[in-house]
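Residue numbers (numbering that gives the first Met the number 0): 0 to 931. Glycine is no exception: its CB is placed at the ideal position from the N, C-alpha and C atoms.
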Amino acid sequence: MSFLSPLRYVGIVLVAVLGASASAAPADPLPLDPQLRFGKLDNGLSYYIRQNARPAQRVELRLVVNAGSILEDEDQLGAAHFVEHLGFNGSRHFKKQELVSYLQSIGIRSGADLNAFTSFDSTIYVLPVPTDKPGNLEQGFRVLEDWAHGMTLSDQAIEDERGIILEEKRLRSGYGRRMQEATLPKLANGSRYKDRLPIGTEASIAGNRPDALRRFYRDWYRPDLMAVIVVGDIDPEEAQRLVRRHFGHIAMPAAPRPRPQYPLPALGDPDVLVYADPEAPGSTLRLTWSSYQRAPAATVADFRTVLQRRLFSELMRMRLARLPVLGGFVGESASPFGTNQHTYTATAGIGPAGVHKAIDALVGENQRVRQFGFSAAELEAARRSVMASYEHAYKARDSRSSAALLGAYVRHFLAGEPALDIEQEVAYARSAIPAITEEEMHAYARTVIPGDGPKLLVYTTSPNGAQPVPTGTELLERVDSALKTPVSRHKEKELPAQLMAQQPAPGSIVEQREDKLLGVTRLLLSNGVKVVLKPTPFSRDSVQMAALRPGGQMLFADADKDALRFGGVLHRAMGAGPYSVLDLSRILAGKNLTLTAGMGPYTDHLNGSSNSGDLETLLQLNYLAMTSPRRDKAVFRSFVNSNATLAQTQAAVPEGRFADARELAVYGGHPRTQLRPRPEDYRKLDLDRSLELFRSRMLNAKGMSFYFVGDFEVEAIKPLLAAYVATLPVSELALSYRDPGIRQVPGVVRREVRAGVEQKSMVTYDFGGEMDYSRSEATAFTAMVDVLNLRIRDALRDRHQLIYTGGASGRYGRIPRPLYSIAIQLPTAPQHVEKIETVLWEEIAALQDKGPTPEELNKVRQGMLQVYRKSLKENGYWLVRLQNADLEGDDPGDILTVAERIEAVSAEGVRAAAQRFLTRERHVEMVLRPEA
């Protein structure tokens with residue numbers, strides 16, 4: 000397939016696509032993304048290559064294997080996942096541990112960057128490669144080549160990896176795994192999938208023979224079942240040469256084993272499963288009407304149906320928001336079992352109204368839609384929402400990250416889904432969506448919602464809830480009753496098209512200063528509010544907003560702790576101006592914006608985001624929230640009842656019980672530490688007191704600094720700031736924060752907590768205290784934590800197989816005063832606790848004694864530099880750094896000197912940080928053990 004440079008091509012393509020969409024016949028085939036180079040090598044291996052400049056000097060590589068756990072023979076359970084692990088533990092070009100070590104040396108972080116995933120039907124290897132140094136890309140392709148056909152799969156590597164995979168399985172054990180194993184046979188409808196969970200069984204992990212694992216690799220890792228995807232800052236010609244050089248020589252087996260498909264059988268008579276578990280964090284209901292295969296869209300007519308499907312999903316989302324359930328989903332969804340397998344499903348969390356009311360609501364709403372369809376107002380709102388998502392993607396097309404483009408190519412290879420570019424999609428959407436009628440959507444609803452009701456009901460709950468656990472027969476009878484209950488046409492409340500009919504009388508901008516170095520404009524408004532503007536090209540058609548000042552919950556008395564804790568969420572739940580949250584969702588349909596206000600321990604803050612064209616609406620929403628707050632007693636009652644019910648069931652979750660015990664131990668039971676909310680914390684809430692405390696600060700803009708980062712023009716945003724920010728109310732207010740004295744307890748504390756029925760443990764260490772702040776030490780502190788994580792992985796995972804994952808995190812800050820904290824979390828088996836304690840302290844002592852090796856220091860530096868360089872091109876990074884600089888009194892220009900400080904980190908600085916902050920004489924160790 001020929002390729003044209005995007006610089007020459009994009010304008011031509013857009014004109015051609017827009018013109019073609021208007022004249023395309025329904026039977027015309029859907030084209031491929033014109034900027035995609037797609038093909039197959041002679042051996043059958045597929046490749047997808049697309050040039051994309053964001054981020055610069057970075058290429059995303061994927062090896063996609065059309066083989067997963069469903070293909071395992073009876074003596075291979077867990078083999079697909081096991082083989083994926085072995086890809087990082089010895090291959091033709093990289094000995095055991097060399098691969099991860101090399102990738103760390105060029106700044107690739109294991110887990111955060113380097114990863115792999117195994118599902119029922121596929122395996123995907125993920126490798127982002129920084130190309131700032133010669134040879135990195137060649138080595139990246141060599142890694143993919145080894146994954147494809149160069150794994151050594153030695154007996155020793157297999158034996159060493161068993162313990163790690165068993166720890167991974169142990170980590171996943173608990174309510175979620177038990178619920179999955181209980182419901183899988185029903186959800187898979189008795190098919191082969193019920194016996195092919197990718198992780199395997201404990202017996203298969205411990206007992207899989209090396210020859211069985213090698214047979215899986217030999218049978219299924221072959222060119223015709225693999226695709227190489229290359230997206231990033233690379234010349235397509237060079238990428239294609241690399242694909243041919245590294246993969247063209249791989250031979251197909253002489254007699255390849257057929258790759259079977261395992262479609263799910265159709266659902267039969269109504270069936271039910273009730274699963275009650277004392278550790279369930281809540282109750283959920285899943286109703287499945289049908290399960291079916293659907294061919295992917297191949298023609299223009301098919302894509303029109305895809306657009307109908309999107310409209311239907313949006314319409315059902317709006318209907319679901321009105322029902323007495325806690326979130327959920329209604330509509331068509333892809334099944335995890337098989338290729339192009341889909342279900343029509345309704346899922347929801349169960350609130351205080353109970354499961355019977357949830358069945359009535361979900362079944363009844365589907366019957367209502369099937370009988371009456373949707374109103375003109377609903378369809379218009381759905382059109383706006385769906386078109387807005389397409390238009391935003393189109394406007395942001397030149398700032399899309401390479402990682403964001405990969406998904407379409409993966410789905411094209413595995414399922415044959417269309418791989419259109421956004422120019423093509425938006426052209427079809429602009430042509431088709433306005434023409435889709437109410438009658439068409441009603442007909443579509445009648446097609447997709449079977450008239451005879453759901454065929455499978457799965458209810459998961461806790462036996463410790465406020466209501467008794469119903470039987471399956473009772474639930475099926477309730478479904479039958481709901482199907483027979485008459486429904487009426489849905490009625491819409493009349494609402495205005497806009498939040499505000501007119502702007503308030505504007506304030507003014509009284510001062511403007513430019514920071515040419517940072518590209519920042521600073522404004523002072525007539526009400527004293529400060530504004531910081533940072534236009535960027537990083538993410539087109541996107542703006543992030545924040546506001547910050549000293550303050551926070553610690554200014555108030557201990558007795559008001561719970562009232563303050565829930566003040567922000569209650570304020571948001573009320574809505575704004577005359578509008579409820581549901582009203583706002585309808586008025587704002589088609590506008591992509593978010594807004595939250597909150598009080599942290601030491602700051603008052605606002606956070607918001609919008610498309611560039613919706614920025615005025617975002618500011619209007621904030622203006623209404625701060626000038627016309629709303630009070631709704633019914634919303635408050637629903638909030639209290641729903642959350643009290645949830646808190647009652649979550650009280651038994653072992654991880655939560657351990658987290659509470661840890662918080663109490665680390666801070667000595669300080670009255671201002673926050674534990675999980677209890678049911679009584681919600682029931683004793685006073686709505687007026689919560690709102691009074693929260694609004695005493697958050698309806699007052701005094702001392703606020705607003706920050707805007709993203710795709711906007713300074714001159715265009717200034718009139719909006721004058722209208723909606725300079726007019727915010729300002730009155731006297733304390734502009735400080737209070738230090739309540741929350742400190743880690745002195746000395747050494749070790750405690751054990753027994754919770755949970757699974758045979759798994761958690762070992763945590765907390766180090767913390769006061770310090771004298773130093774900017775250079777702050778960087779050395781971060782590097783020390785990163786070195787410690789390298790050693791945790793090397794010693795506890797790779798050498799001793801004691802953990803699957805785990806590590807350290809740290810904080811080094813100045814508010815409310817200079818304090819540091821380091822938290823280490825190590826999930827493991829109960830029998831490994833003592834060994835973990837010994838090995839961890841050995842590694843800490845070695846780091847304190849000799850410091851990091853040159854190789855460790857280089858890995859950490861490169862990782863920090865890669866993160867920093869990437870972050871410099873992200874709006875969120877600038878938003879946080881600008882806020883923190885102002886709050887803490889730093890020079891904002893320091894944002895540009897981070898790389899210099901990283902390069903200056905020395906082995907001695909890391910050693911000194913380990914000696915100072917990882918003190919054996921001052922730490923809290925907590926151990927979670929099972930109850931029996």
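Inset, instruction - Report buried or exposed for P536, applying the criterion of at least 16 other Cβ atoms within 10 angstroms of its Cβ. - result: Classification of P536: exposed, given that the 10 Å Cβ count is below 16.
Inset, instruction - Ignore the nearest five residues each way along the sequence and tell me which others in R141's own chain have a CB closer than 7 Å to its CB. - result: H92, H245
Inset, instruction - Look at P129 and Q50 and say whether their C-beta atoms are less than 8 Å apart. - result: Taking 8 Å as the Cβ cut-off, P129 and Q50 do not qualify as a contacting pair.
Legend entry - Minimum length 4: unbroken alpha helix (DSSP H) runs contained in the region 56-114: 78-85, 97-104
Inset, instruction - Confirm, please, whether the CB-CB distance from M761 to P826 is below 8 Å. - result: Taking 8 Å as the Cβ cut-off, P826 and M761 qualify as a contacting pair.
Legend entry - Segments assigned alpha helix (DSSP H), at least 4 residues, entirely inside the region 521-568: 560-564
Inset, instruction - Please list, in chain order, all residues of the same chain as L96 whose beta carbon is under 7 Å from its beta carbon, the five residues on each side excluded. - result: Inspection of the sequence shows that residue 96 is occupied by Gln rather than by Leu. Excluding sequence neighbours, Q96 sits near D797.
Inset, instruction - Mind checking who Q50 pairs with in its DSSP beta bridge? - result: In DSSP, Q50 forms a bridge with G231.
Legend entry - Where the beta strand (DSSP E) containing H922 begins and where it ends: 922-928
Legend entry - T648 classed as buried or exposed, judged by whether at least 16 other C-beta atoms fall within 10 angstroms: buried
Inset, instruction - State the Cα-Cα distance for the pair S4 and I358, rounded to the nearest angstrom. - result: Annotation note: pLDDT 30 at S4 (below 50); position unreliable, coordinate value reported separately. Taking the straight line from one Cα to the other gives about 55 Å.
Legend entry - Identity of the residue in E424, E493, V368 nearest H441 by Cα: V368
Legend entry - Identity of the residue in L35, V468, A546, A903 nearest D885 by Cα: A546
Inset, instruction - Could you work out which residue in F371, G415, L475, R383 is closest to I448 when comparing CA atoms only? - result: F371
Legend entry - Alpha carbon of V468 to alpha carbon of V354, nearest angstrom: 9 Å
Inset, instruction - Please go through the region 329-355 and give each complete beta strand (DSSP E) segment of 3 or more residues, from N-terminal end onward. - result: 340-348
Inset, instruction - Identify, in the order they occur along the chain, each residue of the same chain with its Cβ nearer than 7 Å to the Cβ of V12, setting aside the five sequence neighbours on each side. - result: With a pLDDT of only 34 at V12, under the threshold of 50, the placement of this residue in the model should not be trusted, and no figure is reported.
Inset, instruction - Helix, strand or coil for A913, going by three-state DSSP, please let me know. - result: helix
Inset, instruction - Measuring alpha carbon to alpha carbon, tell me which of M178, V82, A147 ends up nearest D154. - result: Taking each of M178, V82, A147 in turn and checking the Cα distance to D154, the smallest one comes out for V82.
Inset, instruction - Starting from the Cα of A721, find the closest Cα among V273, A300, A504 and give me that residue. - result: Selected option, being the one with the closest Cα: A504.
Inset, instruction - Counting only runs of 4+ residues fully inside the region 597-683, write out the alpha helix (DSSP H) ranges in chain order. - result: 614-626, 632-649, 653-666, 678-682
Legend entry - Contact under 8 Å by Cβ, V639 with Y681: yes
Legend entry - Sufficient close CB pairs (3 or more, under 8 Å) joining the region 709-728 to the region 549-566: The region 709-728, when compared against the region 549-566, does not touch it at the 8 Å Cβ threshold.
Legend entry - Segments assigned beta strand (DSSP E), at least 3 residues, entirely inside the region 432-500: Whole beta strand (DSSP E) segments, 3+ residues: 455-460.
Inset, instruction - Answer with buried or exposed for A465, where buried requires no fewer than 16 other C-beta atoms within 10 angstroms of its C-beta. - result: exposed
Legend entry - Reduced DSSP secondary structure (H/G/I, E/B, other) of K39: Here K39 sits in strand by DSSP.
Legend entry - First through last residue of the beta strand (DSSP E) which encompasses Y706: 704-709
Legend entry - Opening and closing residue of the beta strand (DSSP E) in which F215 lies: F215 -> not in any beta strand (DSSP E); alpha helix (DSSP H) instead, spanning 209-219.
Inset, instruction - For D738, name the three-state secondary structure that DSSP assigns. - result: coil
Legend entry - Cutoff 8 Å; reference E201; Cβ partners in own chain excluding five residues on either side: L165, K168
Inset, instruction - Please determine, among T672, V125, Q847, the residue with the shortest C-alpha to C-alpha distance to G406. - result: V125
Inset, instruction - Under the assumption that G655 contacts R677 (Cβ atoms under 8 Å), give the Cβ distance between them as a whole number of angstroms. - result: Rounded, the Cβ-Cβ distance is 11 Å, inconsistent with contact.
Inset, instruction - Could you check what DSSP says for E873 in three-state terms: helix, strand or coil? - result: coil
Inset, instruction - Between the Cα of Q847 and those of K759, Q914, I105, S90, spot the shortest distance and give me the residue it belongs to. - result: Checking every option, the nearest Cα to that of Q847 belongs to Q914.
Legend entry - Per-residue DSSP class, three states only, for F119: coil
Inset, instruction - Say whether the region 920-928 touches the region 656-675, bearing in mind that this needs 3 or more beta-carbon pairs closer than 8 Å, one atom from each stretch. - result: These segments touch.
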